[in-house]
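In the UniProt record's numbering, the protein residues as written are 1 to 189.
Built from N, CA and C at the ideal position, the CB exists for glycine as well.
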């Protein structure tokens, strides 16, 4: 599927510094409510309380400008996409934390399509290979992370979650503020 309906990533901001200041948006994958509650419960259990400022999430893009073109692209992608399954495939170390790994060919394609649309705005982090994951512990000690990793690996059961749309957030220097949800609208045949 081509994404030509997005147009270009020219947001009409001429001043590079002004555009950089506008790069405050994050895009996450919206999961079904039961799966979101499951990962949120794990995050509350294992994340250092003082640093747990945001909900459990699967980040698609870490830094995009708050411009109408981003919302238009997300709305159009959501309009033509149906809900789809994402496999939770394992647990991995983050050094100072732990994350669940996820896999879906549809998610990889969708991320790649949007990355092409947002190419002019992508940060170095967002230009890296996309490795979907949900962090349930971060900013812990290396030892606490190692212990949790072993515990979660021993109890791990593969599961399937449902991707339902995108959430757009504003980064506020630590916490995030939810801006808008773009639900996948295409009906499955």
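Item	Value
Tell me the rounded alpha-carbon separation between residue 109 and residue 150.	32 Å
To the nearest angstrom, how far is it from the Cα of residue 43 to the Cα of residue 52?	8 Å
To the nearest angstrom, how far is the alpha carbon of residue 177 from that of residue 23?	14 Å
Quick one: what does DSSP say residue 108 is sitting in, helix, strand or coil?	helix
Is residue 137 closer than 9 Å to residue 94 when the C-beta atoms are compared?	yes
Does residue 187 come out as helix, strand or coil in the three-state DSSP assignment?	coil
Please name the residue in 89, 34, 57 and 97 whose C-alpha comes closest to that of residue 47.	97
Using only the alpha-carbon positions, how far apart do residue 76 and residue 163 sit?	16 Å
One question on the structure: do residue 56 and residue 81 come within less than 9 Å of each other, judged by their Cβ atoms?	no
Within the continuous alpha helix (DSSP H) that includes residue 80, where are the two ends?	68 to 80
What are the boundary residues of the alpha helix (DSSP H) that includes residue 152?	142 to 155
Hey, how far is the Cα of residue 154 from the Cα of residue 87?	18 Å
Is it the case that the Cβ atoms of residue 73 and residue 106 are separated by a distance below 9 Å?	no
Taking 7 Å as the limit between beta carbons, can you name the residues of its chain near residue 130, skipping five residues before and five after?	108 and 111
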